[in-house]
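So the sequence shown is numbered by this note's numbering: it starts at 48 and just counts up by one.
Ideal Cβ positions, reconstructed from N, Cα and C, are used throughout, including at glycine.
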Amino acid sequence: MCPQTESAPQNGSTGLNTLDKERDLYLHKWNMQPRQTLTSHINRLLVMVSKYHKLYQLVKEIYGIAYSLHSRLLRQCHATLSNTTFTSMQLFINPVVLN
48 MCPQTESAPQ
58 NGSTGLNTLD
68 KERDLYLHKW
78 NMQPRQTLTS
88 HINRLLVMVS
98 KYHKLYQLVK
108 EIYGIAYSLH
118 SRLLRQCHAT
128 LSNTTFTSMQ
138 LFINPVVLN
């Protein structure tokens, strides 16, 4: 009996031997791929989490600086308005101050 080859199917077969090898190769790749895919997805997620964490820290720092500047500006405006209002009231009550 002659061994079957991929290129020459015997006895009128439709190349089942070739299809079996292709199927086995496909199943082997499929069995190996999920682990590689899962690992690559986990690695990508870790990289994304790291980048988003750095971005979050940067935004948090910028927000802190903006909040600090905003607070200072509000205090300064409040102090300026308080002084202006006080001076205006003094001028209104005692117009002699203008001289």
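Handout entry: V94 versus E108: straight-line alpha-carbon distance, rounded
Key = Within the sequence shown, numbered from 1, the residue matching residue 94 stands at position 47. Within the sequence shown, numbered from 1, the residue matching residue 108 stands at position 61. When rounded, the distance between both Cα atoms is 21 Å.
Handout entry: C-alpha distance - T127 paired with S97, whole-angstrom precision
Key = As a working mapping, residue 127 is identified with position 80 in the sequence shown. As a working mapping, residue 97 is identified with position 50 in the sequence shown. Cα to Cα, the separation comes out at about 45 Å.
Exercise for the section: Note down the Cα distance separating L66 from T84, rounded to an integer number of angstroms. Expected result: As a first step, residue 66 is located in the sequence shown; it is residue number 19 there, counting from the start. As a first step, residue 84 is located in the sequence shown; it is residue number 37 there, counting from the start. Between L66 and T84, the C-alpha separation is close to 26 Å.
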